[in-house]
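Each remark here refers to the structure printed beneath this line.
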Amino acid sequence: MRDEQEALLEIVRRLEHAWNKGDSVAWTAEFAGDADFIRVLGGFFHGSRDIEHGHRTIFDTIYKGSHNRYELEKVRLLRPDVAVVFVRANLTGYLHGQEQHIQARPTLVVEKGPTGEWKIAVFQNTLITPEAVPTLADTLAEAHPYKGNTPVK
Numbered sequence: 005m006r007d008e009q010e011a012l013l014e015i016v017r018r019l020e021h022a023w024n025k026g027d028s029v030a031w032t033a034e035f036a037g038d039a040d041f042i043r044v045l046g047g048f049f050h051g052s053r054d055i056e057h058g059h060r061t062i063f064d065t066i067y068k069g070s071h072n073r074y075e076l077e078k079v080r081l082l083r084p085d086v087a088v089v090f091v092r093a094n095l096t097g098y099l100h101g102q103e104q105h106i107q108a109r110p111t112l113v114v115e116k117g118p119t120g121e122w123k124i125a126v127f128q129n130t131l132i133t134p135e136a137v138p139t140l141a142d143t144l145a146e147a148h149p150y151k152g153n154t155p156v157k
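Residue numbers (our numbering): 5 to 157.
Rendered as structure tokens:
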């Protein structure tokens, strides 16, 4: 399992490196030829050709010069040849001269092919909005043994 986790972490590292270089070809090299990709705002790419073209477009326009930092949050091995990889993305870029910070949670379904190489089959990118981040008060309320006057069992 440790070797598999290291191989999957390496995919995440290569994705981060490709993003930060603005290299759509290296980015797409991590995907299976028939991969499905759901973009952060819900759009959809199918196949490595569309994924590469879409990323070349954003690397040349809205995300030009941006920096993405990926943190591997969890690996769940479903079978010896299929894993789900949960990532936290922290993107910094500029739009209309203003620095922007975007957080997202990419979820990757990764398959090991017959040659033993892992490739991304599905990539679902979910934007983290302010509403999705619990406040300190929410966290404390959830942790408290009493909600109102009734003990939580």
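Backbone N, C-alpha and C fix where the C-beta goes; we use that ideal spot for every residue, glycine too.
For this session: Rounded to whole angstroms, what's the CA-CA distance from GLY117 to ALA87? Just pull it up for me.
Result: 12 Å
Exercise. VAL89: buried (16+ other C-beta within 10 angstroms of its C-beta) or exposed?
Worked result: buried
Exercise. Does the Cβ of TYR98 have 16 or more other Cβ atoms within 10 Å, making it buried, or fewer, making it exposed?
Worked result: exposed
Problem set entry | Candidates LEU76, LEU95, VAL114 and GLU77: closest to VAL67 by CA position | In the sequence on display, residue 67 carries Tyr and not Val. Cα-wise, what sits closest to TYR67 is LEU95.
Exercise. Where does ALA36 fall in DSSP's three states?
Worked result: strand
Exercise. Beta carbon of ALA39, beta carbon of ALA125: below 8 Å?
Worked result: yes
For this session: Kindly indicate the opening and closing residues of the beta strand (DSSP E) around LEU99.
Result: 86–99
Exercise. Which two residues bound the contiguous beta strand (DSSP E) that contains ARG73?
Worked result: 71–83
Exercise. With 16 other CB atoms within 10 Å as the buried threshold, where does LEU12 fall?
Worked result: buried
For this session: Determine the closest residue to PRO84 out of THR65, GLY120 and ILE62, with distance taken between C-alpha atoms.
Result: GLY120
Exercise. Nearest-angstrom Cα distance between ARG6 and GLY51?
Worked result: 30 Å
For this session: Please state whether DSSP places PRO118 in a helix, a strand or coil.
Result: coil
For this session: With DSSP as the reference, label ILE15 as helix, strand or coil.
Result: helix
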